[in-house]
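In our numbering, the protein residues as written are 2 to 118.
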């Protein structure tokens, strides 16, 4: 490349470079059917292994998600049970004992007094 190159000079050099590259590609040895089949089998094997890894990762993620959901459901159930028990305890504290319960308490006190004597 010189200082006074014209467009035509640059275009000619570019065309020559393209021709040289094309000749180089034509001269490259062609792959045989056996090599192509071997490469295809290797590529398919690699893709199958990658698909297996993706499936394993997806299964692990799904298992973790299911475990988390189960833990959340158990925690929610425990919270609901605790709330229900608290409500029942409060309700029992405001309820008046029935006649049978009063009689049972009175009998228990009487039996305890008799046992002390």
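We treat Cβ as the ideally placed atom computed from N, Cα and C, and that holds for glycine.
Query raised in the report: Could you give the distance in angstroms between the alpha-carbon of residue 23 and the alpha-carbon of residue 14?
Result: Stepping through the chain shown from its first residue, residue 23 is reached at position 22. Stepping through the chain shown from its first residue, residue 14 is reached at position 13. Taking the straight line from one Cα to the other gives about 14 angstroms.
Query raised in the report: Which residue spans inside the segment 27-88 form an unbroken alpha helix (DSSP H) run of at least 4?
Result: none
Query raised in the report: What number of angstroms, rounded off, separates the C-alpha of residue 117 from the C-alpha of residue 110?
Result: Residue numbering aside, residue 117 sits at position 116 when the chain shown is read from its first letter. Residue numbering aside, residue 110 sits at position 109 when the chain shown is read from its first letter. Spanning the two alpha carbons is a distance of roughly 11 angstroms.
Query raised in the report: With respect to the alpha helix (DSSP H) encompassing residue 4, which residues constitute its N-terminal and C-terminal limits?
Result: Walking along the chain shown from the start, residue 4 turns up at place 3. Note, residue 4: premise wrong, no alpha helix (DSSP H); not H, not E.
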